[in-house]
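Visitor:
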Amino acid sequence: MSIIEIDEDNIEEYADIVDQDIAENMERTYFRGLACHDPGDDSVKSAMIWELQSVEKDTDTESRIDWIYADGIDNLESLLEAYKEKVTEDEVKRSFFEIPSLDEQIGSALGGCGFDVESVESRVVRLTVDELAANPLAKKKAPDFVQSISGLDIKSYHQGVMKLLFQPDACPLEDMCYIPKNWFDQDVSCYVTTDGKVNGFLLIHEFPSGILMPLFLRASGPDASHHIAYMMIYSMQKAAEKYPGDRVVLVKRRAANIEAIVNKLFPGKKGLPATAGQRKE
36 MSIIEIDEDN IEEYADIVDQ DIAENMERTY FRGLACHDPG DDSVKSAMIW ELQSVEKDTD
96 TESRIDWIYA DGIDNLESLL EAYKEKVTED EVKRSFFEIP SLDEQIGSAL GGCGFDVESV
156 ESRVVRLTVD ELAANPLAKK KAPDFVQSIS GLDIKSYHQG VMKLLFQPDA CPLEDMCYIP
216 KNWFDQDVSC YVTTDGKVNG FLLIHEFPSG ILMPLFLRAS GPDASHHIAY MMIYSMQKAA
276 EKYPGDRVVL VKRRAANIEA IVNKLFPGKK GLPATAGQRK E
């Protein structure tokens, strides 16, 4: 097999097999990918994309596998051998994944390669804009100091992000400090200010498929909990104004505070079924 590294320069060559929302991430700092090609006809036999995590933290580097493909299970062996070499180079200590609708045979093959594999309830909850708009919280009024990020200058955006990154449990995105303001929905994403300085963000990304996903929710100061609620009110209302009611919103319960919010606003809402696994590297 011929092993090719997938990156932002060649990701379009894999458009027939890579989900467009996954492919978009190849522009980001810590995403990596590999593909195994048949040396005879150059067809793609297997491929995978992952993100390095905790690279800049005082903890072990980990790898979160986001997507994996195989044209026949026999074609996974070379891919996983190449993956092992790459994560070893990056000093990864643990690999893990949580993938909805993962092919059962691929899950079994990963189990045979040292992963502890199980069926789980995903941390991702699927909602719609209509569900957001119907929530009682969305019927309240947000204060005038909550504004869309469309009018926020670049300098203030980056200063606000850097300030909030130092808050506990602030950032589930490894590369948040590198993501430009225009990557987020400019109308539905919002911020709050206190004494002229940004001290809270709710940042939402619209993926190429149209799916919306909140990716950064944090506020600082004594009124942080109130500001988070105000930003949620604002974004729920703006989403209802801008998007059709059946537009999908995926909320990933990355941290305890996000899980608590989802449980309070949408009690009984379950995550998508998924296959999860992990192994030491």
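Anchor point for the sequence shown: position 198 equals 233 in our numbering, and the numbering is continuous, going up by one each time. Quick reminder that beta carbons are idealized off the backbone N, C-alpha and C, glycines included. As the structure is a prediction and not an experimental result, all values here were calculated from the model.
What do you reckon, are the CB atoms on Gly-231 and His-262 nearer than 7 Å?
Guide: Residue numbering aside, residue 231 sits at position 196 when the sequence shown is read from its first letter. Residue numbering aside, residue 262 sits at position 227 when the sequence shown is read from its first letter. Result no, Cβ atoms of Gly-231 and His-262 do not sit closer than 7 Å.
Visitor: Looking at C-alpha atoms only, which residue of Glu-241, Leu-87, Ser-143, Thr-228 is the closest neighbour of Tyr-192?
Guide: The sequence position of residue 192 within the sequence shown is 157, counting from 1. When only C-alpha atoms are compared, the closest one is Thr-228.
Visitor: Is the beta carbon of Leu-247 closer than 7 Å to that of Met-266?
Guide: Translated into the one-based positions of the sequence shown, residue 266 becomes position 231. Translated into the one-based positions of the sequence shown, residue 247 becomes position 212. Not closer than 7 Å, so no.
Visitor: Assign Pro-178 to one of three DSSP states: helix, strand, or coil.
Guide: Taking the sequence shown and counting its residues from 1, one reaches residue 178 at position 143. Note: Pro-178 maps to coil in three-state DSSP.
Visitor: Using the Cα positions of Tyr-104 and Leu-199, report the straight-line distance between them to the nearest angstrom.
Guide: Start at 1 with the first residue of the sequence shown, and residue 104 comes out as number 69. Start at 1 with the first residue of the sequence shown, and residue 199 comes out as number 164. The straight-line gap from Cα to Cα measures roughly 37 Å.
Visitor: Which residues bound the beta strand (DSSP E) around Glu-126?
Guide: Looking up residue 126 in the sequence shown gives position 91. Run containing Glu-126: none; DSSP gives neither H nor E here.
Visitor: Looking only at its own chain, which residues have a Cβ that is under 8 Å from the Cβ of Ile-184, when we skip the five neighbours before and after it?
Guide: For the purposes of this step, residue 184 is taken as residue 149 along the sequence shown, with counting starting at 1. For Ile-184, where only same-chain residues beyond five positions count, the Cβ hits under 8 Å are Tyr-192, Lys-216, Phe-219, Gln-221, Ser-224, Cys-225, Tyr-226, Phe-236, Leu-238.
Visitor: Contact defined as beta carbons within less than 8 Å: I believe Ala-117 pairs with Met-271. What is the distance between those atoms, to the nearest angstrom?
Guide: In the sequence shown, residue 117 corresponds to position 82, counting from 1. In the sequence shown, residue 271 corresponds to position 236, counting from 1. 44 Å between Cβ atoms; not a contact.
Visitor: In the DSSP assignment, what are the bridge partners of Arg-67?
Guide: Stepping through the sequence shown from its first residue, residue 67 is reached at position 32. Per DSSP, Trp-85.
Visitor: Assuming contact is defined by CB atoms lying nearer than 7 Å, are Ile-108 and Cys-71 in contact in what I supplied?
Guide: The sequence position of residue 108 within the sequence shown is 73, counting from 1. The sequence position of residue 71 within the sequence shown is 36, counting from 1. Cβ distance not < 7 Å, so Ile-108 and Cys-71 don't count as in contact.
Visitor: Quick one: using the 10 Å Cβ neighbour count with 16 as the cut-off for buried, is Gln-202 buried or exposed?
Guide: Start at 1 with the first residue of the sequence shown, and residue 202 comes out as number 167. Exposed, since its Cβ has fewer than 16 Cβ neighbours within 10 Å.
Visitor: Who are the near neighbours of Leu-137 in its chain, counting only those whose CB is closer than 6 Å to its CB and skipping five residues on each side?
Guide: Counted from its first residue, the sequence shown places residue 137 at position 102. For Leu-137, where only same-chain residues beyond five positions count, the Cβ hits under 6 Å are Thr-310.
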